[in-house]
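One line per chain: the protein sequences are A, B and C, in this order.
Residue 1 is where the first sequence starts when you use the numbering used here, and the numbers rise one by one after that.
Residue 267 is where the second sequence starts when you use the numbering used here, and the numbers rise one by one after that.
Residue 623 is where the third sequence starts when you use the numbering used here, and the numbers rise one by one after that.
We put the beta carbon where it would ideally sit given N, CA and C, even for glycine.
Before any comments, here is the structure.
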Amino acid sequence: MSQLSPSLRWIAYASANLVIAFLVLPILAVIPTSFNQASFITVPPTAWSWRWYEAFFQDIEWQSALWVSIQIAVLATLIALAAGTPAAIGLQRLPPRLRAAMTGLFLAPMIVPVIVSAVAIYRTALDIGLNGTRIGMALSHAALALPFVVINIGIALRGVDSRWLQAAAGLGATPWTIFRTITLPNIVPGLVGGAVFAFITSFDEVVIAVFMAGYGAKTLPVKIWESIRLEFTPVVAVAATLMILLAGILFILARMIGTKRNGVTV
Amino acid sequence: MSGIGLPLRFDGATKRYDEMVALQPTDLSVEAGEFLTLLGPSGSGKTTLLNLIAGYAEPSGGSLWIGSRDVTRLAARHRNIGMVFQSYALFPHMTVAENVGYGLAVRRLPGAEIARRVEAALQLVELAGYGARPIQNLSGGQQQRVALARALVIEPDVLLMDEPLGALDRQLRRNVQLELRRLHEEHRRTTLYVTHDQEEALILSDRVAVMRNGRIEQIGKVADLYANPANSFVASFIGESNLLDAKLVSQEAGRALLEVPALRQQVAAPSPSPLASGQAVRLLIRPEHLFLDDAGPVQATVTEVVYLGELTALRLQLPAGEQLWLRQLTGRTVARGATIRVNWQDEHLRVVPEAR
Amino acid sequence: MRGDRLNALLLILPATAFLLLWFVVPLCRLLALAFTGEAGGFESLWTLLSSNVYQRVLGNTMIVAVIVTLLTLVLAWPVAYVLTRLKGIGFMLMLYGVLFPFWISVLVRTFSWMLLLERNGPINRFLMGLGVTDQPLALLFNETGVLIGMTHVLLPYAVLPLFSAMNRIDRRLLQASDGLGAAPLDTFRRVYLPLSLPGLFGGGTFVFLLCLGFFITPALLGGANAMTLSMLISSFVTDRLAWSLAAAGSIILLAIVLVLMGLAMRLLPLDKGMFAK
């Protein structure tokens, strides 16, 4: 077993590569489609053009959806970071039982099926008039992103030796100075990683968005969702390609941060 | 010496990883029933040698024989070798009995026989009745014994142990060492034992191979290695030693005349191995072979007095600047800073080549 | 140390308050609707559980979840295994192949499959070109499409726990088994497989739970022909404004998820150290 027999080895490697192809290639299939010239979707296109990109950037609705998405994602990221960073630090200092209970609460948005969270938040948002607002959407996405921030920073905090903090306190530093000079520099990768993942969580999110969007907070995924179900034009492929592009950039960014610390995070 | 194991032979076996030579071409013979210890600092090739025998690594050249069988290219599972790993490598999802009986189960022996032999093996390592316990519930010493029982129960032709006591505390180590010696004396199974602890090597072995830089520097009975080290590395690695720079003046019939600047005189010392003229040599004086003598040829200042129980060690500063350690029975008190004279018998000195 | 405790509570206060107000309270308010709605009492739950149509939806949800879980585990196995064997750039590339899809919106991934599985899409054309079939297969808007799409979306969730379990297996255990005379198949069956089981169960549970609540992919690839519980909940809200039924559906879904999770946590040694000091 320490040496798999050559034929089995070949089968394992071949099937692993096929599965990876199954994972990656279908995602990329949408990209050539966006350069289609025809007015309907064909894969792969027979003739190429930028025409649907022009259509995308001339259409006020698509543009506004993109812009709304970015605004909401930034806002959701800020909320998740502002709440999640102190929470991750606080969790470590709680007695074990309370820590377990609070960890459960902070991770709950990851555990509860999104459709349930979506319907629940939608109902309350309707009742208090936050439905169809950007702040309502950002709050909802922040709730979904919070677990990732808490986990990422929690992992980073494990690399902060409590003796460093004791040493700093012994040298006369105040708690705030200790945080600023010892803790913070050491958890920056976790912070950035959490922020990037919070952003993409919000930017990619559809389920809550479909319920909450109304007219005032129609994000790019909502616009795509509606287009798929109503018109199904090649512009959707352009929007999808743009989302892949942004995710790709953020993915590379996160990997660059990730390689600076050991361990693998999503 | 006859035992239940098989003899083992390396014919120029060597192991290279890319540019790095883990084991230089090595010839080595281990008799049936012999207990050979591989002693050396980490990175000296001990574990590589063991892995070659076990079949976890394949030699880059040369051949390897167990009994009359050429096992150079034989898969590990066909070699019938018992291995005790440094970290024990016990299967975490099995009980003690399942671990010990594993080698028998994969040989498709009947359950009743497995149970009988497992119980006998556990008895041998004094863990009778522990069979049903999960591995995680055992202490380090108990895990070590389970690993030993697992290796012994398949009645291996050769038993290999890779620093098996490294994780145990001092007191426990000593007990287990004596236990291992008893087991070996009863069964006399061919055993190769890796350690970097010379005391352990002294207690356990018939012979010791001192290794460095992927090469066996010297192999022999411990007393021989101590009395006649092949070079300055072996001299310093086994026992305490004073090694002084020296220049070869002349040699004849196992003796050499040396110019020793530190002693400010010429010394005639036994030289076990013939020396090439111009070879770099050192003079070895064991601390216990130096003694205080008012009529001694060399004057020194006592810079340190270390009480070791029955012995007392003195650190001496020679006029030329070198340091010497001297050990004597505790009794006569010597003050730090005192000026004394030391002496020795030429018979106890050794000329050793400088290790490359 | 009282001040320390107080400090810690202050630190977790913003997140706690935020989640209570914008997540826990809305959740409780929704679930309460199942009992306080038009019909009241347990009427909504009863309606949902006793109706043939809804029972079929529930059964369908379960079947899809089971099949997708099995498919992802089978596909995840070779990837996780090969990941433990690769080093350097090869390892990085394969790992990125697993991680990258996480970053792509489920919507985009599902949309891609809609293009590929279409009646005149590339997969049908490929199959017809091969002569496997002489007329296009119906791959979209039915169970087949849902299974393909969900397997694709959830596969990474199965690979990672499996990889981490396999990666933790000490290679010396395999060497020890080898040296004790075990044939490769024996070593696999008696040592490797049992030690990778936690990953298999962990990944399987994870995928199964995600399947149960999955919405986007079944809604787009399955449509009305392959209704799942999440689609039913959504249609109660958007099409029929039947809030108490939506609430009842949410209770059922949430209950199944929590019970399975509780069981899994009890049976599996999950990473408890994540927030330990």
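{"Asked": "C-alpha distance - A/ARG9 paired with B/LEU274, whole-angstrom precision", "Found": "33 Å"}
{"Asked": "Unbroken alpha helix (DSSP H) run spanning C/SER734, endpoints", "Found": "728-739"}
{"Asked": "Contact list for the region 858-883 of chain C against chain B, Cβ threshold 8 Å", "Found": "none"}
{"Asked": "Minimum C-alpha distance to B/VAL372 - residue among C/GLY771, C/ASP808, C/SER786, C/SER818", "Found": "C/ASP808"}
{"Asked": "Reduced DSSP secondary structure (H/G/I, E/B, other) of B/MET286", "Found": "strand"}
{"Asked": "Per-residue contacts from C/ARG794 into chain B (C-beta, under 8 Å)", "Found": "PHE351, SER353, ALA355"}
{"Asked": "Residue closest to B/ILE606, alpha-carbon to alpha-carbon, out of B/TYR459, B/GLY597, B/HIS614, B/LEU592", "Found": "B/LEU592"}
{"Asked": "Contact list for C/ASP808 against chain B, beta-carbon separation under 7 Å", "Found": "VAL372"}
{"Asked": "Candidates B/THR303, B/SER295, B/GLU297, B/LEU316, of which the one nearest B/LEU254 by Cα", "Found": "Outside the displayed range of chain B (267 to 622) lies residue 254 of chain B, so it cannot be described from this structure."}
{"Asked": "Under 9 Å by beta carbon: chain A residues contacting C/ASN629", "Found": "GLY90, ARG93, PRO175"}
{"Asked": "Backbone CA spacing between B/ARG440 and B/LYS487 [nearest angstrom]", "Found": "21 Å"}
{"Asked": "Inter-residue spacing [alpha-carbon to alpha-carbon] between A/TRP164 and A/GLY190", "Found": "18 Å"}
{"Asked": "Residues near B/LEU294 by beta carbon distance below 6 Å, same chain, minus five either side", "Found": "PHE276"}
{"Asked": "Neighbourhood of A/THR46 by C-beta, 8 Å cutoff - its chain only, sequence neighbours within 5 removed", "Found": "GLN37, ALA38"}
{"Asked": "Interface flag, A/SER69 vs chain C, CB-CB below 8 Å", "Found": "no"}
{"Asked": "Local Cβ density within 10 Å of A/GLY263, reported as buried at 16 or more and exposed below that", "Found": "Any reading at A/GLY263 must be qualified, since the residue scores a pLDDT of 41, below 50, and its modelled position is unreliable; no value is offered."}
{"Asked": "Whole-angstrom distance between C/PRO778 and C/LEU692, CA atom to CA atom", "Found": "14 Å"}
{"Asked": "DSSP three-state assignment for A/PRO221, whether helix, strand or coil", "Found": "helix"}
{"Asked": "Which listed residue (A/TRP176, A/PHE148, A/ALA240, A/VAL74) has its alpha carbon closest to that of A/ARG134", "Found": "A/VAL74"}
{"Asked": "Contacts around B/ARG282, its chain only, beta-carbon distance under 6 Å, and the 5 residues preceding and following it disregarded", "Found": "SER326"}
{"Asked": "For B/PRO325, the three-state DSSP class (helix, strand or coil)", "Found": "coil"}
{"Asked": "Closer than 8 Å to chain B by CB, C/GLY801", "Found": "yes"}
{"Asked": "B/LEU305 beta carbon less than 8 Å from that of B/MET477", "Found": "yes"}
{"Asked": "B/ILE504 to B/PHE357 span [Cα, whole Å]", "Found": "36 Å"}
{"Asked": "Beta-carbon neighbours of C/LEU817, restricted to chain B and to distances below 7 Å", "Found": "HIS359"}
{"Asked": "Neighbouring residues, chain C, relative to A/LEU191 (Cβ below 9 Å)", "Found": "Going along chain C, no residue has its Cβ under 9 Å from A/LEU191, so there is no contact; the nearest lies around 15 Å."}
{"Asked": "B/GLY333, DSSP secondary structure in three states", "Found": "coil"}
{"Asked": "Partners in chain B for C/VAL564, counting only beta-carbon separations shorter than 7 Å", "Found": "What is shown of chain C runs 623 to 899, which leaves residue 564 of chain C out entirely."}
{"Asked": "Residue-chain proximity (C/PHE640, chain A), Cβ-Cβ < 8 Å", "Found": "yes"}
{"Asked": "Residues bridged to B/GLY348 (per DSSP)", "Found": "B/LEU425"}
{"Asked": "Closest Cα partner of B/PRO235 within the set B/ARG598, B/ARG448, B/ALA386, B/LYS513", "Found": "Nothing about residue 235 of chain B can be reported from this structure: the residues present for chain B run from 267 to 622 only."}
{"Asked": "Within-8 Å CB hit, A/TRP10 to chain C", "Found": "no"}
{"Asked": "Beta-carbon proximity check, A/VAL238 vs A/SER34, cutoff 8 Å", "Found": "yes"}
{"Asked": "Sufficient close CB pairs (3 or more, under 8 Å) joining the region 87-94 of chain A to the region 629-641 of chain C", "Found": "yes"}
{"Asked": "8 Å Cβ cutoff, C/LEU892 in contact with chain B", "Found": "In this prediction, C/LEU892 has a pLDDT of 49, which is less than 50 and means its spatial position is unreliable; nothing more can be read from the coordinates."}
{"Asked": "Cβ-Cβ separation, A/LEU105 to C/LEU670 (assumed contact under 8 Å), whole Å", "Found": "Between A/LEU105 and C/LEU670 the Cβ distance is about 28 Å, and since that is not below 8 Å, they are no contact."}
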